[in-house]
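> Sharing a structure below in C-alpha cells format, with a few things to ask.
Chains as they are written, first to last, in the numbering used here: chain A, 13 to 318; chain S, 9 to 362.
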C-alpha cells in the first residue's frame, strides 16, 4: 500500500460519518425542517450500535440497531415540532443535549470494551483495479451505503414526483398544502430519514472508525454535518465534495505534523474549520444561486389552516 | 405535640450529623474523564477504591467524573467543599487554578492537586515522574524498532508531555544513537477518533512503534489492527492490544491516597510538593510482553537502575534540538528546569508549538 493510498483510505473513513449525517439532514432541510439535533442522533446511533453489536456479536445487527435508534430519536423531534408545533431550533438543541446525556448513561457498562468491527466487503473484479480498486471497492458496507445515498437522494429529489413534492413543501408549505400534498406526513418521513442516516453515521463511529464506545464520541461531527449542508447549498453532490474536503483537511493536518512542517499544531487543528468558513464565504457571494437553493420555509412551523 | 416532634427530629438530625463526622472522613475526587476510560482517570479511580478498601467505613469517598477543565471545575470543587469533604483530590493539570481559587475560600478543607506546580497553605501538589517510565519505553523501542523511528501522539505541549518525549528519545538513543521520533499533537486529552487518526497517519508515514500521551485506547487499537507494537498510557491497556502492548506506564496512586488520608486523620497533614517516581511506587511498569527475552532483560535492568537511583534519564551529555548543548557530560537536570521544560532534544522531527 502506498502512502497516498493509505492517506486516501483514512480520509474516506473520516469523511463517511460526516457525509451520511449531512445527506440525511439535507433531505430534512429540503422539506423545510431544521433539525439541530444531528449530534444527539449520531451519538445515540453510536452507543446503541455498539451495545447491539456487543450483545448479539454481529456488527451488521449493530449497524441496523444504530439506524433504528437514530430514527426513533428523531421521531421525538418530529412529534414535538410537527405535531405539537414546538420551536424547531430549541427542540433540536434539546435533542442534542439529551442525546449526549442519555448515550453516556446507556453506554456506561460498555466503556472500555473491545468492539466488534464491521468487515470489509471486497467487490469481485472491481476491487482488483489498480489504484482505485482497494480504495473504492474494498470497504465496509456503511461506506457503500454513504456513497449510494448521495446519488439516491440526488435522484429522488430532482427526478421523482415525491422528491418534487418534498421540495415544494420546503419552499412553500402553504402552497403545497393547498395543492393537496400532505405536509406533516412528508415532513415526518423526511425527519425519520435524517435520523436513520445520523444513526448510521454514529454506527460507523463505534463499529468502523474506532470500534469502541467512549462518551461524547461524536466529538462535534453533527455540527460539522449541519455546516456541510449549508456549505453545499442544499445540493447532494456538493455535500459529497464538502465531506471529503473536510476529511482531507483533517487527515492532511495530522500528516503535515508527522512530516515535521514547522507550522503550529494549534493552527493545523483549526484548519478544517477555517477551510469550511472560507468555502462558505466564497459560495455565499453568489446570492441568486444561494437563494434559489435555500428552502424558503426552512425552520418555519406549519399549522394547516383548514 | 408539635414541639415534641420538632425536638425529636432535631435530635435525630444532630445525632446523624455527629455520627457521620465521627464515623467517616469524607475524601472527594474530581476526575477530568470517565472513571472507566481505560487510562488516566481509571488509574485514579483504582487508587480511590484502594483507599476505600484500606479504611473501610472509616472513610467515605465521593467522586465526580467528566468534569471539564474550566469554570465547571471550580463549581464542582466548591460543591465538594460545601458538602463536607475534608480532603479533595483534583486529578488533572487544568484543575490547578480552580483548586487554588476554591482553597482560598475554604481554609479548613485540604486540597491536593495532581501534576501541577503551585501550592498553598492548604493545597498540596503531587506528581509522578512519568518520564522515568518513558525512558524504559524508549529503550525498548530502540531495540525493537526496525526503521529506527517511533510515532508519538501528544496531547498538549505542556512541560510534562515534553519531558516524556525527550525522555523516550533519550532511552531510544541509548541503544540507537540515530533514533528519531515523529510527534503529532491532537490538542485533546481524550478523543478516540482523533487519536486513532493520528496513529494511522504516523503508521502510514513509516513508524513501526507508537507511543501516546493521550488517554484513550484508540491508538493501541489502530496499532493492533496494523500489526505493529505500541505502549500503553496511565493504565495497563493490554486488553485493547493483547499482542500489541509492549508495556505501559501504570499510575498507581492508591498508596499515596492512603498515606495522605492517614495523615489527615492523624492531624499531621501539611502542605508539600511531591514528585515521586518508580522508586516510590507511584508509578509502575505493566508486564513486559510481546518482546524477545533480551529486550525484556534490558528493560528490567533499566527499571532496576532507575529505581536504585543509579540511572537518571536526564543526565548529560544532551544536545538540544537546535544543536546547542543543554547538559554537559555527567551533569543532571534539576527539577526546576524539568518542570518548565519547553524545548526538544536532538532527534525530534517536529517544531515545538510555543
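The beta carbon of each residue, even a glycine, is placed where N, CA and C say it ideally should be.
List the endpoints of the continuous alpha helix (DSSP H) containing residue 323/S.
Counting along the chain, residue 323/S falls outside any alpha helix (DSSP H), and DSSP gives it neither H nor E.
> So, does the stretch 155-166 of chain S touch the stretch 327-347 of chain S, judging by three or more C-beta pairs under 8 Å?
no
> The stretch 212-230 of chain A: which residues have C-beta closer than 8 Å to a C-beta of chain S, in chain order?
217, 221, 222, 223, 224, 226, 227 and 229
> Could you tell me whether any Cβ in chain A is nearer than 7 Å to the Cβ of residue 334/S?
Cβ-Cβ to chain A under 7 Å: no for residue 334/S.
> Does the stretch 63-81 of chain A touch the stretch 243-259 of chain A, meaning 3 or more C-beta pairs lie closer than 8 Å?
With fewer than three CB-CB distances shorter than 8 Å, the stretch 243-259 of chain A does not count as touching the stretch 63-81 of chain A.
> Specify whether the stretch 282-301 of chain S and the stretch 75-86 of chain S touch according to this definition: at least 3 beta carbon pairs, one from each stretch, less than 8 Å apart.
no
> Terminal residues of the continuous alpha helix (DSSP H) containing residue 288/A?
Unbroken alpha helix (DSSP H) run through residue 288/A: 277-296.
> In or out: residue 251/S buried (at least 16 other Cβ within 10 Å) or exposed?
exposed
> Closer than 7 Å by beta-carbon distance: list the chain S residues that pair up with residue 126/A, in chain order.
247 and 248
> Determine the contact status of residue 89/A and residue 47/A, defining contact as a CB-CB distance below 7 Å.
Using a Cβ distance threshold of 7 Å, residue 89/A and residue 47/A count as a contacting pair.
> With 9 Å as the C-beta to C-beta threshold (strictly closer), list the residues of the stretch 190-210 of chain S near chain A in chain order.
190, 191, 192, 193, 194, 195, 196, 198, 199, 200, 201, 202, 203, 204, 205, 206, 208, 209 and 210
> Below 7 Å on C-beta distance, what does residue 361/S contact in chain A?
276, 277 and 278
> Leaving out five residues on either side along the sequence, give the residues of the same chain with a beta carbon under 8 Å from the beta carbon of residue 29/S.
Confidence at residue 29/S is low in this model, with a pLDDT of 47, below 50, so the placement of that residue is unreliable and no value is reported for it.
> Name the residues in the stretch 280-296 of chain A whose C-beta lies less than 7 Å from a C-beta of chain S; which are they?
281
> I need the straight-line Cα distance from residue 45/S to residue 226/A, nearest angstrom please.
7 Å
> Exposed or buried, what is residue 100/S when buried is set at 16 or more other beta-carbons lying within 10 Å of its beta-carbon?
buried
> Look at the alpha carbon of residue 26/A and the alpha carbon of residue 128/S, and state the distance between them as a whole number of angstroms.
46 Å
> Quick check on residue 14/A - is its C-beta less than 7 Å from some C-beta in chain S?
No, its Cβ sits nowhere closer than 7 Å to a Cβ of chain S.
> Taking Cβ-Cβ distances shorter than 7 Å, what residues in chain A pair up with residue 44/S?
Under the 7 Å cutoff, chain A gives 123 and 124.
> I believe residue 214/S touches residue 188/S by the beta-carbon criterion, under 8 Å. Please report the beta-carbon distance rounded to the nearest angstrom.
Actually they are not in contact, since the Cβ atoms of residue 214/S and residue 188/S sit about 11 Å apart, beyond 8 Å.
> Mind checking if residue 29/S is an interface residue toward chain A, Cβ cutoff 7 Å exclusive?
Caution is warranted here: a pLDDT of 47 is assigned to residue 29/S, below 50, making its placement in the model unreliable, and the coordinate value is therefore given only provisionally. Closer than 7 Å: no.
> Going by the CB atoms, is the gap between residue 57/A and residue 211/A shorter than 7 Å?
Taking 7 Å as the Cβ cut-off, residue 211/A and residue 57/A qualify as a contacting pair.
> For the stretch 208-229 of chain S, enumerate the residues whose C-beta is nearer than 7 Å to any C-beta of chain A, in chain order.
208, 209, 210, 212, 213, 224, 225, 226 and 229
> Please classify residue 167/A as buried or exposed, where buried requires at least 16 neighbouring CB atoms within 10 angstroms.
exposed
> Please state if the CB of residue 202/A and the CB of residue 12/A are separated by a distance shorter than 7 Å.
Here chain A covers residues 13 to 318 and nothing more, so residue 12/A does not appear.
> For residue 126/S, which residues in the same chain have their Cβ closer than 7 Å to its Cβ, ignoring the five residues on either side in sequence?
104, 108 and 133.
> On the CB-based measure, 16 or more other CB atoms within 10 Å of its CB, does residue 286/S come out buried or exposed?
buried
> Taking just the CA atoms, how far does residue 184/A sit from residue 272/A?
53 Å
> Going along chain A, which residues have a C-beta under 9 Å from residue 74/S?
116, 227 and 228
> With a threshold of 7 Å between beta-carbons, can residue 357/S be considered close to chain A, or not?
Look at residue 357/S: its C-beta is under 7 Å from a C-beta on chain A.
> Could you give the DSSP three-state label for residue 264/S: helix, strand or coil?
helix
> Comparing C-alpha positions only, which one of 174/A, 313/A, 294/A and 306/A sits nearest to residue 38/A?
Among 174/A, 313/A, 294/A and 306/A, the Cα nearest to that of residue 38/A belongs to 306/A.
> How would you write the range of the alpha helix (DSSP H) that residue 208/S sits in, first residue to last?
200-212
> Using the three-state DSSP reduction, which class does residue 271/S fall into: helix, strand or coil?
helix
> With DSSP collapsed to three states, give me the class of residue 360/S.
coil
> Which whole-angstrom value describes the C-beta separation of residue 127/A and residue 223/A, a residue pair presumed to lie in contact below a C-beta threshold of 8 Å?
3 Å
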